[in-house]
Amino acid sequence: DCSRKTITLPTIYCRYKRRIYVIYDGIHYDAVAYCFDPQLPSDMDTRQFSPNDVVVLERAKHLCAQEHQRKAYTDTSNFTLRCLVCQQGLKGQTEAAQHAQESGHANFSEFR
700 DCSRKTITLP TIYCRYKRRI YVIYDGIHYD AVAYCFDPQL PSDMDTRQFS
750 PNDVVVLERA KHLCAQEHQR KAYTDTSNFT LRCLVCQQGL KGQTEAAQHA
800 QESGHANFSE FR
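Below, the structure is given as structure tokens:
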């Protein structure tokens with residue numbers, strides 16, 4: 700979760716042979732991929748890693764911290780939205796849902 704800079708790993712009792720890392724930005728999840736060569740197609744990237752590879756874990760943590768620092772996440776409780784139908788400013792998903800229910804508008808855009 701790059702908004703909170705937290706990482707959740709399976710319990711120690713899980714003996715998985717491979718591990719994937721996903722980064723949550725407040726809206727959706729993206730798989731972490733290691734690119735061996737940018738000239739190769741993206742389906743050649745590695746998305747599964749050894750659970751014992753601490754270097755990959757540290758790189759995933761670093762990537763999450765970088766995304767947090769870049770503010771590359773959405774705080775859905777406090778983000779600011781604009782209704783693209785009536786231009787009303789809204790704060791958070793609760794206000795947006797309420798506005799949508801009351802007005803029938805469903806086209807919103809985040810702005811900072």
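Residue numbers (this note's numbering): 700 to 811. Built from N, CA and C at the ideal position, the CB exists for glycine as well. These numbers were taken from a predicted model, which means no experiment stands behind them.
Cβ neighbour criterion (16 or more within 10 Å) applied to residue i
| i | result |
| --- | --- |
| L739 | exposed |
| C763 | buried |
| Y728 | exposed |
| L780 | buried |
| A805 | exposed |
First through last residue of the beta strand (DSSP E) which encompasses residue i
| i | result |
| --- | --- |
| G788 | G788 to K790 |
Start and end residues, alpha helix (DSSP H) containing residue i
| i | result |
| --- | --- |
| V784 | Note, V784: premise wrong, no alpha helix (DSSP H); not H, not E. |
Through-space distance from residue j to residue i, alpha-carbon basis
| i | j | result |
| --- | --- | --- |
| D752 | A732 | 14 Å |
| A796 | F810 | 17 Å |
Closest residue to residue i among the options (Cα-Cα distance)
| i | options | result |
| --- | --- | --- |
| G725 | F748, V754, D774 and E766 | D774 |
| R703 | E801, I722 and Q787 | I722 |
| S776 | I706, L789 and Q768 | L789 |
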